[in-house]
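Colleague: Residue numbers (the numbering used here): 50 to 327. Glycine included, C-beta positions come from ideal geometry on N, C-alpha and C. Since the model is a prediction, treat every value here as computed from it, not as a measurement. Before we start, here is the structure in question, set down as structure tokens.
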Ligand SMILES: [Zn+2]
Ligand SMILES: [Zn+2]
């Protein structure tokens, strides 16, 4: 395994601990160990009270209450904390993971413009009221039809690609998370979406989180990564860590896979602008 000279991890959640320098330090220490040279924190937007106009449902309401009780419910406090960390010399980028809902593109754009984010990750987690990647909603998979769920997911992702004011597409084929597969439907969508992603200018994250989920496969599937590489789509590498020890998890294998597909450099992002890494 040969590392890239710049190794990103832009999809990292601190939510299981406080916005404290001690807690952040543990993520930074693990980044160093794992060879990550460019770390960004990307809290879930839905946890913050300031995003209630973008997404609200009973599950989100519950999570906001939990976040508030734990002292993490305030977006401005999150931003101020990361700005202060940077002032203290900690190399950390300011990100956010946004749930894309087809009706809220414009409101999302206005929201993002109000804060000094380095990047926004756009993710589809909700198909209407179905949080398809949540353990507590897993039984809805067995009641529904996998073909239909796949079609609905990829249609929502297509709208995200066409419309969302984000920089990075999060875990693009996360619909497979529990191992409910539909290869023909998925393949049709990989082919349809790849040129649209290229045209959008967005980056796709290569997410090692899939290896830690029941599906046990990287996001996106290697077959789709190959198409994205061939199309020249910008790529970033991320872990979707929810605890310090998962920062940079699976990176040796992921970098081997990317190198085998001909990738020699990742993209980086700063102040909402992507560029090819050195
Ligand atoms: Zn996500
Ligand atoms: Zn995430």
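Quick check: residue 147 and residue 175, are their CB atoms within less than 8 angstroms of each other?
Modeller: Their beta carbons are not under 8 angstroms apart, which means residue 147 does not touch residue 175 by this criterion.
Colleague: Within a Cβ cutoff of 6 angstroms, which residues of the same chain sit near residue 94, ignoring the five residues on either side of it in sequence?
Modeller: Contacts found: 100, 145 and 147.
Colleague: From the DSSP output, read off the bridge partner residues of residue 168.
Modeller: Bridge partners of residue 168: 144.
Colleague: Who are the Cβ neighbours of residue 190 in its own chain at under 8 angstroms, not counting the five residues just before and after it?
Modeller: Contacts found: 181, 198, 227 and 229.
Colleague: Could you name the residues whose beta carbon sits closer than 7 angstroms to any heavy atom belonging to ligand 1, keeping them in chain order?
Modeller: With the cut-off at 7 angstroms, the residues found are 146, 172, 174, 219, 220, 223 and 289.
Colleague: When every heavy atom of ligand 2 is checked, does at least one fall within less than 7 angstroms of the C-beta of residue 60?
Modeller: True, at least one ligand heavy atom lies under 7 angstroms from that Cβ.
Colleague: Can you look up residue 298 in the DSSP assignment and give me helix, strand or coil?
Modeller: Of the three classes helix, strand and coil, the one that applies to residue 298 here is coil, per DSSP.
Colleague: Under 8 angstroms, do residue 51 and residue 308 count as touching if we go by C-beta distance?
Modeller: Cβ atoms of residue 51 and residue 308: closer than 8 angstroms.
Colleague: How many whole angstroms separate the CB atoms of residue 96 and residue 113, which I take to be in contact at a CB cut-off of 8 angstroms?
Modeller: Residue 96 to residue 113, Cβ: 6 angstroms. Contact.
Colleague: Is the beta carbon of residue 288 closer than 8 angstroms to that of residue 281?
Modeller: Not closer than 8 angstroms, so no.
Colleague: When burial is assigned at 16 or more other CB atoms within 10 Å of the CB, is residue 74 buried or exposed?
Modeller: Burial call: exposed.
Colleague: Identify the residues that DSSP records as bridge partners of residue 89: which are they?
Modeller: Residue 89 is bridged to 142.
Colleague: Going straight from the alpha carbon of residue 261 to that of residue 143, what length do you get?
Modeller: In a straight line, the C-alpha of residue 261 is about 25 angstroms away from that of residue 143.
Colleague: Quick one: is residue 178 buried, meaning 16 or more other Cβ sit within 10 Å of its Cβ, or exposed?
Modeller: Residue 178 comes out exposed.
Colleague: Could you say which of 64, 210 and 89 lies nearest to residue 117 if we only look at CA atoms?
Modeller: The shortest C-alpha separation from residue 117 is found at 64.
Colleague: In or out: residue 225 buried (at least 16 other Cβ within 10 Å) or exposed?
Modeller: Residue 225 should be labelled buried.
Colleague: Based on the DSSP output, what are the partners of residue 290 in its beta bridges?
Modeller: Answer is 61, bridged to residue 290.
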